[in-house]
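Report on the structure given below.
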Amino acid sequence: MQMNIKKIAEMAGVSVSTVSKIMNNYSDVSEKTKKRVMEIIEQTGYSPSNSAKTLATKKSNLIGVIFAGELNVEFTHPFFVEVLNSFKKQMGVLGYDLIFFSNEKFISSGDYYSRCLHFNVDGCVIISGQKMEPAIRDLDMSSLPCIGVDLELSGKKSGFVMSDNFQIASKVVEHFYLLGHRELGFIGSTADSDISNQREAGFAKAIESFGLALNRKWFVHGEDFFEISGYTAMRQLLETGSMPKAVFAASDLLALGAVRALKEKGLRIPEDVAIIGCDDIEACKYTSPTLTTIRQNKERLGVLAAHMLFDLINNQSDGGSFVVEPALIVRESCGSRMRG
C-alpha cells in the first residue's frame, strides 16, 4: 500500500493538519500524539517526499490570494471576509502563510501565473468577482494548484467550493409560498455574475415548479452585490407601477439597500413587501426589521477550501468540488407565520 500523509493520519487517529504540524516541528501538539505518529511513520517506512516537511524545505509555504474580476469584493464584503478568515486560520494550521495579489486596473491585464511563479507560491485561492479577467482563466488552466471560492474552476490542478445556489433559491420560494405569497420578485447583480445568475435561474425555476406566475418585470438588477445597488434596483422596481408581495435579493447587502428604498416610500416590511436576503452576514441581526436570509456556512467553505488546496499541493487529490448546503434563517423581514 502506498503511504501518504492522509493514511498516516488515519492510522494514528488524528487529522492531516496534526501530522503536518508534527512533521514541521510545531510545539502545540502533545508528546503522546507526536510519539504515536512518529512510530507509525517509522513502522511504515513512510518517506514524505510530497509532504509538508518537503514543502517547508523546497517550497515557499506561501498561498496566493486573488480577488478576481474587474468588479471584485476585496475586503469590503462581509461574506467573503468571513470565508477568508476561516481559510487563513486553517492554512496557518497546515503551515502556510498568505500573500495577496493586487488586481488594480494597471495590473489586472497582466499574467497572474507569471506573478505566482515570481513569488514561488505553492497554490492560490481565487475569490469570485465580476467581469472576470482572462488572466484568471489562464491561471486556472496552468499547473499551479488553485481553489475557487464561489467560482467554478475546471483546470487539471483546480477545484472549487460554493453553496448550492439552486437550493438557496428553492428554499426562498418555498418559504414565500408557505407564507401565502404568490407574487414574487428578484433583485440580482449584473449579467457578469455567475452566482447571481445561478440564484436567479433557480428562483425562476422554483417559482414555476410551484405553479406560480413568473413576472419578469419584477426581476431587476444592480451593478454589484452592495447596498447601493439594492437601493437603486428597488427604486427601479417601485417605478414599474406594480409591486410583488415578496422579494428575494441575491445578497444581504442588496436586501438592506432594498429595505431602505421601501422605507423611503413609506412601505412596511413585511406587511407590504416581504424581503429575504442571502449570506447571513452579522448585520442581519441588527437591522430594523431584522433580515430573514439564507445562511451560507462561511466557516465550512473556508476550511474546505484550505484542505482541498493542501491536497492539491501535495498531490493527494485531482481537484473536484464541494457544494455546501444552505439554511433558511427566519427573522422579521419575512415573518414566520404559515397559512393555516
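Each residue of the sequence shown is one higher than the last, beginning at 48 in this note's numbering.
From the three backbone atoms N, C-alpha and C, an ideal C-beta is built for every residue, glycine too.
Keep in mind it's a predicted model, so treat the numbers as computed, not measured.
Would you give the residue range spanned by the beta strand (DSSP E) that residue i belongs to?
{"i": "residue 342", "result": "339-342"}
{"i": "residue 29", "result": "The first residue shown for the chain is 48 and the last is 387, placing residue 29 beyond what the model contains."}
{"i": "residue 321", "result": "321-326"}
{"i": "residue 124", "result": "Run containing residue 124: none; DSSP gives neither H nor E here."}
{"i": "residue 370", "result": "367-371"}
{"i": "residue 194", "result": "193-196"}
{"i": "residue 112", "result": "109-114"}
{"i": "residue 304", "result": "Looking at the DSSP string, residue 304 is not in any beta strand (DSSP E); the run it does join, the alpha helix (DSSP H), is 299-311."}
{"i": "residue 294", "result": "293-296"}
Nearest-angstrom Cα distance between residue i and residue j?
{"i": "residue 146", "j": "residue 109", "result": "7 Å"}
{"i": "residue 257", "j": "residue 245", "result": "18 Å"}
{"i": "residue 97", "j": "residue 363", "result": "The predicted position of residue 97 is uncertain, since its pLDDT is 43 and thus under 50; a value taken from the coordinates is nonetheless stated next. So the two alpha carbons sit approximately 9 Å from each other."}
{"i": "residue 380", "j": "residue 85", "result": "55 Å"}
{"i": "residue 280", "j": "residue 287", "result": "11 Å"}
{"i": "residue 60", "j": "residue 162", "result": "39 Å"}
{"i": "residue 112", "j": "residue 136", "result": "14 Å"}
{"i": "residue 58", "j": "residue 81", "result": "13 Å"}
{"i": "residue 355", "j": "residue 194", "result": "7 Å"}
{"i": "residue 320", "j": "residue 293", "result": "5 Å"}
{"i": "residue 144", "j": "residue 270", "result": "33 Å"}
{"i": "residue 353", "j": "residue 54", "result": "19 Å"}
{"i": "residue 331", "j": "residue 129", "result": "15 Å"}
{"i": "residue 243", "j": "residue 201", "result": "20 Å"}
{"i": "residue 56", "j": "residue 167", "result": "28 Å"}
{"i": "residue 289", "j": "residue 329", "result": "32 Å"}
{"i": "residue 241", "j": "residue 91", "result": "47 Å"}
{"i": "residue 165", "j": "residue 149", "result": "14 Å"}
{"i": "residue 78", "j": "residue 333", "result": "46 Å"}
{"i": "residue 232", "j": "residue 346", "result": "30 Å"}
{"i": "residue 265", "j": "residue 62", "result": "49 Å"}
{"i": "residue 296", "j": "residue 357", "result": "34 Å"}
In the DSSP assignment, the alpha helix (DSSP H) including residue i goes from what residue to what residue?
{"i": "residue 248", "result": "241-256"}
{"i": "residue 163", "result": "159-165"}
{"i": "residue 468", "result": "Within the shown structure, residues of the chain are numbered from 48 to 387, placing residue 468 beyond reach of any answer."}
{"i": "residue 316", "result": "Careful: residue 316 lies outside any alpha helix (DSSP H) and carries neither H nor E."}
{"i": "residue 61", "result": "From DSSP, residue 61 is part of no alpha helix (DSSP H); its letter is neither H nor E."}
{"i": "residue 350", "result": "345-360"}
Beta carbon of residue i, beta carbon of residue j: below 8 Å?
{"i": "residue 176", "j": "residue 212", "result": "no"}
{"i": "residue 206", "j": "residue 359", "result": "yes"}
{"i": "residue 308", "j": "residue 234", "result": "no"}
{"i": "residue 169", "j": "residue 106", "result": "yes"}
{"i": "residue 291", "j": "residue 230", "result": "yes"}
{"i": "residue 217", "j": "residue 268", "result": "no"}
{"i": "residue 323", "j": "residue 219", "result": "yes"}
{"i": "residue 134", "j": "residue 76", "result": "no"}
{"i": "residue 375", "j": "residue 222", "result": "yes"}
{"i": "residue 52", "j": "residue 361", "result": "yes"}
Taking 7 Å as the limit between beta carbons, can you name the residues of its chain near residue i, skipping five residues before and five after?
{"i": "residue 326", "result": "126, 298, 299, 340 and 343"}
{"i": "residue 179", "result": "115 and 116"}
{"i": "residue 314", "result": "320"}
{"i": "residue 204", "result": "190, 191, 192, 193, 359 and 366"}
{"i": "residue 282", "result": "308"}
{"i": "residue 138", "result": "110, 145 and 353"}
{"i": "residue 197", "result": "175, 209 and 242"}
{"i": "residue 83", "result": "59"}
For residue i, collect the residues of the same chain with a Cβ closer than 8 Å to its Cβ; drop the 5 residues on either side in sequence, then sort them by chain order.
{"i": "residue 372", "result": "210, 211, 214 and 344"}
{"i": "residue 312", "result": "285"}
{"i": "residue 368", "result": "199, 206, 207, 208 and 209"}
Can you give me the Cβ contacts of residue i inside the same chain, cut-off strictly under 6 Å, excluding the 5 residues immediately before and after it?
{"i": "residue 4", "result": "Coverage of the chain is limited to positions 48 through 387, which leaves residue 4 absent and any answer about it impossible."}
{"i": "residue 336", "result": "316, 379 and 380"}
{"i": "residue 152", "result": "Bear in mind that a pLDDT of 48 at residue 152, under 50, signals an unreliable position, so the model cannot answer this."}
- Item | Sufficient close CB pairs (3 or more, under 8 Å) joining the segment 183-196 to the segment 243-261 | Contact between the segment 183-196 and the segment 243-261 is absent: fewer than three C-beta pairs spanning the two stretches fall below 8 Å.
- Three or more C-beta pairs closer than 8 Å, one from the segment 275-289 and one from the segment 298-310: is that the case here? The segment 298-310 and the segment 275-289 touch, with three or more beta-carbon pairs separated by less than 8 Å.
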